[in-house]
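A.B. asks:
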Amino acid sequence: MSSHSRIDIHEPTFGAGIWHFGRYVDRYATDGYGPPVSTLEAIDLAGQVGDLSVVDLTFPFDPPELPLDEVKAALERNGLRAIAVTPEIYTRRFVRGAFTNPDAEVRRQAVELVSRGAETARELGCDYVKLWPGQDGWDYPFQADHSELWRFSLDAVRELATAFPDLRFAIEYKPREPRNSMVFSSAAKTLLGIEEIGLPNVGILLDFGHSLYGGESPADAARLAISRGRLFAIDVNDNHRGWDDDMIVGSVHLTETFEFFYALRDAGWDGVWQLDQFPFRENSVEAARAGIRVMKNIHRALDLVDREALAAAQKAQDALAAQRIVQRALLSSHTER
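Under the numbering used here, the residue at position 207 of the sequence shown is numbered 216, and the numbers go up by one with no gaps.
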């Protein structure tokens with residue numbers, strides 16, 4: 010087999026968070042960047058993309074009383090499958106924390122909400138339940154007892170993973186926002202927590218943009234999680250590293266995006282390539298197509314890398330040689346499809 014032979018013979022499965030097709034609001038355009046979008050409407054928009062196979066659904070649905078059978082029907086008519094459910098444990102009810110709220114009753118409400126989401130995920134045949142406890146953390150020095158926040162977080166995840174042993178729970182870490190500091194803030198800290206939880210069905214969802222934003226190398230973070238068998242899922246996007254901008258894949262950090270996917274393939278990871286973009290001012294369907302187009306080019310470029318030459322360059326830590334090799338592959342792969 011030559012150094013250019015295919016390692017991964019099939020095209021990846023592409024997915025997206027259903028919020029990609031929703032309504033966006035920020036602290037300036039408080040009236041939103043578009044009209045409200047219901048869960049069924051968002052699923053129908055996702056179905057227009059053409060290359061999407063799976064979606065991650067937020068829970069509760071919009072509207073909350075939407076029957077699950079209608080969601081299933083919408084997915085079926087659009088040729089989509091729900092890969093995950095993301096319980097909304099980051100809304101106003103949990104402004105002082107979900108798993109780490111100082112009020113024990115609110116902490117219980119957060120666990121119960123995730124439990125209902127997990128039951129829905131089970132009904133939909135999802136691969137995992139995503140945990141993004143964005144409100145769990147602190148804003149000021151001395152605001153909280155860090156040991157207590159850590160214990161609350163691990164106890165909640167452990168309880169959920171124990172109650173649903175047939176489901177996987179993927180923790181999406183992020184350094185900050187909406188809290189100034191989040192409990193699950195990095196790959197390393199999240200892996201430490203997972204090790205302490207001690208259950209096989211708890212892992213990481215690695216958001217490329219969160220990793221960039223947190224000062225990590227996403228490729229390094231991916232290899233770290235994979236080395237412990239804990240990389241359950243990925244979300245991909247891009248940003249300027251100063252904020253979680255959720256821009257189109259590869260639009261700013263194309264080489265690091267390529268390195269990220271190279272690391273995944275090199276380690277034998279074969280999960281869904283999933284979009285987590287926020288097209289505030291762009292057409293959501295076209296933005297999804299743009300992100301997938303970039304990922305398809307990256308997938309082709311992975312087959313063009315001279316792996317033997319790259320391995321030699323890396324062994325020598327020859328940055329210029331390595332860059333030359335990956336740029337040749339990446340720039341040769343481009344095609345308008």
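Think of the CB as a built atom: it goes at the ideal place given N, C-alpha and C, for glycine as much as any other residue. All values derive from a computational prediction rather than experimental measurement.
Is there at least one non-hydrogen atom of the ligand SAH closer than 7 Å to the beta-carbon of Leu61?
C.D. replies: With respect to the ligand SAH, the structure shown offers nothing to examine, as it has no ligands at all.
A.B. asks: By Cβ distance below 6 Å, which residues in the same chain neighbour Ala310 in space, the five residues on each side in sequence not counted?
C.D. replies: The residue you call residue 310 lines up with position 301 of the sequence shown. Counting only Cβ-Cβ distances below 6 Å, and skipping sequence neighbours, we find Ala338, Leu339, Ser342.
A.B. asks: Who are the Cβ neighbours of Phe413 in its own chain at under 7 Å, not counting the five residues just before and after it?
C.D. replies: This structure cannot speak to residue 413, because the chain is shown only from 10 to 346.
A.B. asks: Rounded to whole angstroms, how far is the Cβ of Leu140 from the Cβ of Ile180, which I believe are closer than 8 Å?
C.D. replies: As a working note, residue 140 is residue 131 in the sequence shown. As a working note, residue 180 is residue 171 in the sequence shown. Contact holds; Cβ gap of about 5 Å.
A.B. asks: CB Ile6 to CB Asp71, shorter than 8 Å?
C.D. replies: Nothing about residue 6 can be read from this structure; the chain reaches only from 10 to 346.
A.B. asks: Please go through the same chain and pick out, in chain order, the residues whose beta-carbon is closer than 6 Å to the beta-carbon of His219, but skip the five residues on each side of it.
C.D. replies: Within the sequence shown, the letter at position 210 stands for residue 219. Excluding positions up to five away in sequence, the list reads Lys183.
A.B. asks: Give every residue of the same chain whose Cβ lies closer than 8 Å to the Cβ of Ile334, excluding the five residues on either side of it in the sequence, and list them in chain order.
C.D. replies: Sequence index remark: in the sequence shown, residue 334 carries index 325 (1-based). Excluding sequence neighbours, Ile334 sits near Val314, Asp315, Ala318, Leu319, Ala322.
A.B. asks: In the DSSP assignment, find the alpha helix (DSSP H) that holds Thr266 and state where it starts and stops.
C.D. replies: Taking the first residue of the sequence shown as position 1, residue 266 is located at position 257. That run of the alpha helix (DSSP H) goes 263-275.
A.B. asks: Under 8 Å, do Ala230 and Leu215 count as touching if we go by C-beta distance?
C.D. replies: Working through the sequence shown from its first residue, we reach residue 230 at position 221. Working through the sequence shown from its first residue, we reach residue 215 at position 206. Their beta carbons are under 8 Å apart, which means Ala230 touches Leu215 by this criterion.
A.B. asks: In whole angstroms, what separates the C-alpha of Met347 from that of Asn292?
C.D. replies: Only positions 10 to 346 of the chain appear in the structure, and residue 347 is not among them; the question remains open.
A.B. asks: What does the Cβ neighbour count give for Asn189, buried or exposed, with the cut at 16 atoms within 10 Å?
C.D. replies: By one-based count along the sequence shown, residue 189 stands at place 180. When all chains shown are included, Asn189 counts as exposed.
A.B. asks: For Gly31, I'd like the list of residues in its chain whose CB is within less than 6 Å of its CB, leaving aside the five on either flank, ordered along the chain.
C.D. replies: Position 22 of the sequence shown, counted from the start, is the residue given in the question as residue 31. Answer for Gly31: Val46, Ala51, listed in chain order.
A.B. asks: Determine the burial state of Arg36: buried for a count of at least 16 other Cβ atoms within 10 Å of its Cβ, exposed for fewer.
C.D. replies: Translated into the one-based positions of the sequence shown, residue 36 becomes position 27. With fewer than 16 other Cβ atoms within 10 Å, it is exposed.
A.B. asks: Give the secondary structure of Lys198 by DSSP, where H, G and I count as helix, E and B as strand, and everything else as coil.
C.D. replies: Taking the first residue of the sequence shown as 1, we reach residue 198 at position 189. Residue state, collapsed to three classes: helix.
A.B. asks: Can you tell me the Cα-Cα spacing of Ala272 and Ala153, whole angstroms?
C.D. replies: For this step, residue 272 is matched to residue 263 along the sequence shown. For this step, residue 153 is matched to residue 144 along the sequence shown. Rounded to whole angstroms, Ala272 to Ala153 spans 37 Å at the Cα level.
A.B. asks: Quick one: measure Cβ to Cβ for Arg298 and Val58, integer angstroms, because I've assumed they're closer than 8 Å.
C.D. replies: Taking the first residue of the sequence shown as position 1, residue 298 is located at position 289. Taking the first residue of the sequence shown as position 1, residue 58 is located at position 49. Indeed they touch by this definition, with Cβ atoms about 6 Å apart.
A.B. asks: Taking the beta strand (DSSP E) that Ile92 belongs to, which residues open and close that run?
C.D. replies: As a first step, residue 92 must be located in the sequence shown, where it is residue number 83. Note, Ile92: beta strand (DSSP E), 90-96.
A.B. asks: If you count every other CB in all the chains shown that lies within 10 Å of the CB of Asp17, and 16 or more means buried, which is it?
C.D. replies: The sequence position of residue 17 within the sequence shown is 8, counting from 1. The pLDDT assigned to Asp17 is 45, lower than 50, so where the model puts this residue is not dependable; a value taken from the coordinates is nonetheless given after this. Asp17 should be labelled exposed.
A.B. asks: Starting from the C-beta of Trp278, find all residues in its chain whose C-beta is less than 7 Å away, skip the five residues before and the five after it, and write them out in chain order.
C.D. replies: For this step, residue 278 is matched to residue 269 along the sequence shown. Cβ neighbours of Trp278 beyond the five flanking positions: Ile235, Leu240.
A.B. asks: According to DSSP, what are the bridge partners of Gly223?
C.D. replies: Taking the first residue of the sequence shown as position 1, residue 223 is located at position 214. In the DSSP output, where bridge partners are listed per residue, Gly223 has none listed.
A.B. asks: What whole-angstrom Cβ distance do Ala127 and Phe173 have, given they're in contact under 8 Å?
C.D. replies: For the purposes of this step, residue 127 is identified with residue 118 of the sequence shown, where counting begins at 1. For the purposes of this step, residue 173 is identified with residue 164 of the sequence shown, where counting begins at 1. Indeed they touch by this definition, with Cβ atoms about 5 Å apart.
A.B. asks: To the nearest angstrom, how far is it from the Cα of Arg167 to the Cα of Gln332?
C.D. replies: Numbered from its first residue, the sequence shown carries residue 167 at position 158. Numbered from its first residue, the sequence shown carries residue 332 at position 323. Between Arg167 and Gln332, the C-alpha separation is close to 43 Å.
A.B. asks: Assuming the contact rule is C-beta atoms closer than 8 Å, Leu284 and His19 should be a hit. Round their C-beta distance to whole Å, please.
C.D. replies: To locate residue 284, count along the sequence shown from 1; it is residue 275. To locate residue 19, count along the sequence shown from 1; it is residue 10. Actually they do not touch by this definition, with Cβ atoms about 19 Å apart.
A.B. asks: Identify the continuous beta strand (DSSP E) that holds Glu181 and give its terminal residues.
C.D. replies: Looking up residue 181 in the sequence shown gives position 172. First-last of the beta strand (DSSP E) with Glu181: 178-181.
A.B. asks: Going by Cα to Cα distance, which pick from Asp136, Arg177, Gly106, Glu74 is closest to Trp147?
C.D. replies: Counted from its first residue, the sequence shown places residue 147 at position 138. Among Asp136, Arg177, Gly106, Glu74, the Cα nearest to that of Trp147 belongs to Gly106.
A.B. asks: Determine whether the beta carbon atoms of Leu221 and His155 lie at a separation below 8 Å.
C.D. replies: One-based indexing of the sequence shown puts residue 221 at position 212. One-based indexing of the sequence shown puts residue 155 at position 146. Cβ atoms of Leu221 and His155: not closer than 8 Å.
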